[in-house]
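Residue 244 in full-length UniProt numbering sits at position 244 of the sequence shown, with consecutive numbering throughout. A virtual CB, placed ideally from N, CA and C, is assigned to each residue, including glycine. If you're wondering where the values come from, they're calculated on a predicted model, not measured in any experiment. Report on one structure; see the data block that follows.
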Amino acid sequence: MHNRQFHNPPQVCVVAGDDAAPEVVRPTVEILRELAPEIRFTEAPCGREAQARYGTPFPDVTREAIDAADCTLFGASGGPSRPILWYLRWNKETYINVRSVRWIPGYRSPMQHPERIDYVIARDNLEGMYPPREGDVAELAALPSSGSWWMAPPVEKAGAYSIKVSTDEQMQRVANHACQLALQRQAAGYPGRVTLGAKYSIQPRTDGRFRAIVKEAVSQHPSLTYQEFLVDDMARRLVASPEQLDVVVLGNEHGDILADVSSGTIGGLGLSPSACYGEDYAYFEPVHGSAPDLAGQGIINPTAMLLSGALMLDYLGYNKQASALTSAIEQTYREGSLLPVDQGGQAGTSEFVQAIRARLSEHGS
Ligand code: NAD
Ligand code: IPM
Ligand code: MN
């Protein structure tokens, strides 16, 4: 779905992120180095450490390292590294965030039939209510008046507003990417179903337009089927009937929120990877944040980060290594003798990573 030429050997920028994120990023990079020794990893300074050393959480050296690399592996921002995340999204135009939701035996899911959960979320990564554009309600006095009195903004009251923007170009490429994902998955035996979740009933100009664009894009591919649900009902369906989902298309803020719901259905944020693709760049990060409550305890689950690393290996063309890593993780969970703390086990981050590494060497990768 991209036509980028990578460096030979490929170059990866690593941004470890804030709070507990480095505790999953660094062991992930170690495993990736073992799997693909020729890839060049460069860890770039970020966040509080960069602030202390360079006087900014996002120094030029980091921007240069991101630009020079084929892609970036990003931990998570707990605040200080946020400008870097913004750069990876808007400056590198990584327009789509693909968040796979797949239960693996051994994951501690609260669902009765977690074995049916296997779909991907295709989330708009650039628009909607992001980047934040907010202001004072008084500024809305300049808007042309329309509709009934209760629709007019209460400009005489103190308060704030937030803006949602959806461009045709962005909605179109999100829709196209979702179709390509559905086609790819269909070739592997999935049903080829694209399901839109949006608030088209209340926001006809933005979500209504998104609905029309996604529907039209899907209709261009006769083997695919289109389904749509209002996003509140979509949220229920993630829990009540996830087995009916294949590729779920969501706007930016809806995708942010619902991806955490989906993650909850398979067993939690420690397990959910993601990839953000643009035409010329990609970065890989877990769905979870910087888990400040776990920082320094050595118990954060590295699975989401490792699986994001596997998605990166796939992107760079190391498909064999990506599936070796995914299988090693699956086997470790399936066997279940050693599990991370959030999955009901007692293994700390390093012990769990060590178990996965042992599996990988058993299989001679
Ligand atoms: P969070 O995802 O960091 O944590 C939510 C809960 O899940 C916490 O109890 C945490 O301990 C747990 N958790 C998260 N990852 C885990 C893991 N790998 N293993 C085990 N448990 C895990 O969300 P939050 O607490 O709402 O946010 C913390 C910070 O992270 C905030 O500053 C938020 O903005 C940021 N954030 C960043 C990103 C990103 O950089 N892409 C994503 C989400 C949140
Ligand atoms: C995510 C996060 C980010 C978002 C934050 C850190 C800005 O929650 O990637 O899921 O809201 O997109
Ligand atoms: Mn989020």
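Original post:
Considering only the beta carbon of each residue, do Lys199 and Leu224 sit closer than 8 Å?
Top reply: Taking the first residue of the sequence shown as position 1, residue 199 is located at position 199. Taking the first residue of the sequence shown as position 1, residue 224 is located at position 224. No.
**OP:** Report the option in Val25, Asp19, Leu35 whose CA atom is closest to the CA atom of Gly317.
**Re:** As a working note, residue 317 is residue 317 in the sequence shown. Of the candidates Val25, Asp19, Leu35, the one whose C-alpha sits nearest the C-alpha of Gly317 is Leu35.
Original post:
From the DSSP output, which residues share a beta bridge with Asn97?
Top reply: Within the sequence shown, the letter at position 97 stands for residue 97. According to DSSP, which records beta bridges pairwise, Asn97 is partnered with Arg123, Cys276.
**OP:** Buried or exposed for Ile257, please, with buried defined as at least 16 other CB atoms from any protein chain shown within 10 angstroms of its CB.
**Re:** As a working mapping, residue 257 is identified with position 257 in the sequence shown. Classification for Ile257: exposed.
Original post:
Any heavy atom of the ligand MN within a distance shorter than 7 Å of the CB on Asp293?
Top reply: The count along the sequence shown starts at 1 and reaches residue 293 at position 293. No, the ligand MN has no heavy atom inside 7 Å of this Cβ.
Subject >> Reduced DSSP secondary structure (H/G/I, E/B, other) of Pro10 >> reply: Within the sequence shown, numbered from 1, the residue matching residue 10 stands at position 10. Secondary structure of Pro10 (DSSP, three-state): coil.
**OP:** Check each candidate in Ile266, Tyr315, Asn319 and name the one with the smallest Cα separation from Pro105.
**Re:** Taking the sequence shown and counting its residues from 1, the one referred to as residue 105 is at position 105. Among Ile266, Tyr315, Asn319, the Cα nearest to that of Pro105 belongs to Ile266.
Original post:
Among Ser337, Glu279, Glu127, which residue has its Cα nearest to the Cα of residue 368?
Top reply: A question about residue 368 goes unanswered here, because the residues of the chain that appear run from 1 up to 365.
Original post:
Taking the DSSP output, what are the residues bridged to Ser148?
Top reply: For the purposes of this step, residue 148 is taken as the residue at position 148 of the sequence shown. DSSP, once it has assigned bridges, lists no residue as partnering Ser148.
Original post:
Curious, which full-length beta strand (DSSP E) runs of at least 3 residues does the segment 256-326 contain?
Top reply: 273-277, 282-286
Original post:
For Val165, which beta-bridge partners are listed by DSSP?
Top reply: The sequence position of residue 165 within the sequence shown is 165, counting from 1. Partner(s): Gly128.
Original post:
Can you name the residues that DSSP bridges to Gln220?
Top reply: In the sequence shown, counting from the first residue as 1, residue 220 sits at position 220. BP columns for Gln220 are empty, so no partner.
**OP:** State the Cα-Cα distance for the pair Ala138 and Met129, rounded to the nearest angstrom.
**Re:** Counting from one through the sequence shown, the residue named residue 138 turns up at place 138. Counting from one through the sequence shown, the residue named residue 129 turns up at place 129. Computed Cα separation, rounded: 20 Å.
Subject >> Three-state class that DSSP yields for Ala36 in the structure shown >> reply: For the purposes of this step, residue 36 is taken as residue 36 along the sequence shown, with counting starting at 1. Three-state result, Ala36: coil.
Original post:
Tell me which same chain residues have a C-beta within less than 6 Å of the C-beta of Gln11, skipping the five on either side of it?
Top reply: Your numbering for residue 11 matches position 11 in the sequence shown. Contacts found: Arg40, Ala69, Asp70.
Subject >> Residue range of the unbroken beta strand (DSSP E) whose run includes Val194 >> reply: By one-based count along the sequence shown, residue 194 stands at place 194. Here the beta strand (DSSP E) through Val194 covers 193-198.
**OP:** Starting from Phe74, follow its DSSP beta bridges and name the residues at the other end.
**Re:** Within the sequence shown, residue 74 is the residue found at index 74, counting from 1. Val15.
Subject >> Which of helix, strand or coil DSSP assigns to Phe58 >> reply: Taking the first residue of the sequence shown as 1, we reach residue 58 at position 58. Here Phe58 sits in coil by DSSP.
Subject >> Euclidean distance between Cα positions of residue 424 and Ser263 >> reply: Missing from the structure shown is residue 424; the chain here goes from 1 to 365 and no further.
Subject >> Own chain, CB closer than 6 Å to Ala175, minus 5 neighbours either side, in chain order >> reply: As a first step, residue 175 must be located in the sequence shown, where it is residue number 175. Excluding residues within five positions, the ones whose Cβ falls inside 6 Å are Ile213, Val214, Ala217.
Subject >> Beta-carbon proximity of Leu271 to Ala304, cut-off 8 Å >> reply: In the sequence shown, residue 271 corresponds to position 271, counting from 1. In the sequence shown, residue 304 corresponds to position 304, counting from 1. Yes, they are a contact pair.
**OP:** Could you tell me which residues DSSP puts in a beta bridge with Ala347?
**Re:** For the purposes of this step, residue 347 is taken as residue 347 along the sequence shown, with counting starting at 1. Answer by DSSP bridge pairing, in chain order: Pro340.
Original post:
Count the other CB atoms within 10 Å of the CB of Asn8; is the residue buried (16 or more) or exposed (fewer)?
Top reply: Position 8 of the sequence shown holds residue 8. That one is exposed.
Original post:
Is it the case that the Cβ atoms of Leu32 and Leu313 are separated by a distance below 8 Å?
Top reply: If you number the sequence shown from 1, residue 32 lands on position 32. If you number the sequence shown from 1, residue 313 lands on position 313. Going by C-beta atoms, Leu32 is nearer than 8 Å to Leu313.
Subject >> Residues bridged to Val239 [DSSP beta-bridge criterion] >> reply: For the purposes of this step, residue 239 is taken as the residue at position 239 of the sequence shown. According to DSSP, Val239 bridges with nothing at all.
Original post:
Given 8 Å as the limit, is there contact between the segment 46-55 and the segment 319-326, that is, 3 or more CB pairs closer than that?
Top reply: no
**OP:** Compute the Euclidean distance between the alpha carbons of Gln244 and Gln112, then round it to the nearest angstrom.
**Re:** Sequence index remark: in the sequence shown, residue 244 carries index 244 (1-based). Sequence index remark: in the sequence shown, residue 112 carries index 112 (1-based). Between Gln244 and Gln112, the C-alpha separation is close to 15 Å.
Subject >> Distance CB(Leu269)-CB(Val287) smaller than 8 Å >> reply: Within the sequence shown, residue 269 is the residue found at index 269, counting from 1. Within the sequence shown, residue 287 is the residue found at index 287, counting from 1. For the 8 Å CB-CB criterion, Leu269 and Val287 form a contact.
Subject >> Closest by C-alpha distance to Pro132, when choosing among Ser148, Trp86, Trp103 >> reply: Position 132 of the sequence shown, counted from the first residue, corresponds to residue 132. Among Ser148, Trp86, Trp103, the Cα nearest to that of Pro132 is on Trp86.
Original post:
Glu285 to Pro242, Cα distance in whole Å?
Top reply: The residue given as residue 285 occupies position 285 in the sequence shown. The residue given as residue 242 occupies position 242 in the sequence shown. If I take the Cα positions, the gap works out to 23 Å.
Original post:
Roughly how many whole angstroms lie between the Cα atoms of Pro144 and Asp342?
Top reply: The count along the sequence shown starts at 1 and reaches residue 144 at position 144. The count along the sequence shown starts at 1 and reaches residue 342 at position 342. Those two C-alpha atoms are separated by around 52 Å.
Subject >> Whole-angstrom distance between Gly147 and Ala20, CA atom to CA atom >> reply: Locating residue 20 in the sequence shown gives position 20, counting from the first residue. Locating residue 147 in the sequence shown gives position 147, counting from the first residue. Straight-line Cα distance between these residues: approximately 49 Å.
Original post:
At what residues does the alpha helix (DSSP H) containing Leu250 begin and finish?
Top reply: The residue you call residue 250 lines up with position 250 of the sequence shown. Leu250 -> not in any alpha helix (DSSP H); beta strand (DSSP E) instead, spanning 247-250.
Original post:
What span of residues does the alpha helix (DSSP H) with Leu85 cover, start to end?
Top reply: The count along the sequence shown starts at 1 and reaches residue 85 at position 85. Note, Leu85: alpha helix (DSSP H), 82-86.
Subject >> As assigned by DSSP and simplified to three states, the class of Tyr333 >> reply: In the sequence shown, residue 333 corresponds to position 333, counting from 1. Tyr333: helix per DSSP, three-state reduction.
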